[in-house]
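One structure is given below, encoded as structure tokens.
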Amino acid sequence: MELLTQLLNALWAQDFETLANPSMIGMLYFVLFMILFLENGLLPAAFLPGDSLLILVGVLIAKGAMGFPQTILLLTVAASLGCWVSYIQGRWLGNTRTVQNWLSHLPAHYHQRAHHLFHKHGLSALLIGRFIAFVR
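For what it's worth, full-length UniProt numbering labels the leading residue of the sequence shown as 1, then goes sequentially.
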């Protein structure tokens with residue numbers, strides 16, 4: 001628990017020397033994995049700063065504290081698993097009364113635009129939409 005507290009303090013203070021410490025890297029990988037997984041997988045966790053942390057990861061890779069291939073693999077797996085969990089949630093909860101009530105508060109033209117976009121471009125709309133912030 002102390003290691004996690006040190007990591008969070010180092011992240012908050014932007015202390016790159018502490019973050020580059022070899023004993024801290026494993027915990028940093030774990031925290032990054034969990035943040036990206038939760039940001040992509042759980043709607044209430046969508047506020048997590050996954051995109052901002054990618055800048056930090058880039059700095060740590062440039063300083064040689066983290067390996068590029070390992071980081072790319074880990075973050076890709078985290079985002080992919082998170083998206084899969086999000087899909088499963090949508091399939092499971094999509095037709096419940098609570099979700100339908102939430103969706104009824106959205107303007108109808110949002111539903112029409114999403115329906116048109118998906119039917120026009122198919123799965124590529126979902127894939128490309130992951131990389132365009134306002135589409136997400």
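Beta carbons: idealized from backbone N, C-alpha and C, even for Gly.
Remember, predicted model here, so these are calculated numbers, not experimental data.
Residues near residue i in its chain [Cβ-Cβ closer than 7 Å; skip 5 each side]
i: residue 40; result: 79, 82, 83 and 86
i: residue 170; result: Limits of the chain in this structure are 1 at one end and 136 at the other, which puts residue 170 out of reach.
i: residue 70; result: none
Cutoff 8 Å; reference residue i; Cβ partners in own chain excluding five residues on either side
i: residue 118; result: 125 and 126
Residue i (DSSP reduced to helix, strand or coil)
i: residue 95; result: coil
i: residue 21; result: coil
i: residue 48; result: coil
i: residue 63; result: coil
i: residue 137; result: Any property of residue 137 remains undetermined from this structure, which presents the chain solely from 1 to 136.
i: residue 121; result: helix
i: residue 70; result: helix
Close-in-space but distant-in-sequence residues of the same chain around residue i (CB under 6 Å, 5 per side omitted)
i: residue 10; result: 18 and 19
Counted within 10 angstroms of its Cβ, other Cβ atoms place residue i as buried (16 or more) or exposed
i: residue 60; result: buried
i: residue 50; result: buried
TODO: Would you check if there are 3 or more beta carbon pairs closer than 8 Å linking the stretch 65 to 76 to the stretch 20 to 29?
DONE: With a cut-off of 8 Å, the stretch 20 to 29 and the stretch 65 to 76 count as touching, because enough Cβ pairs lie within range.
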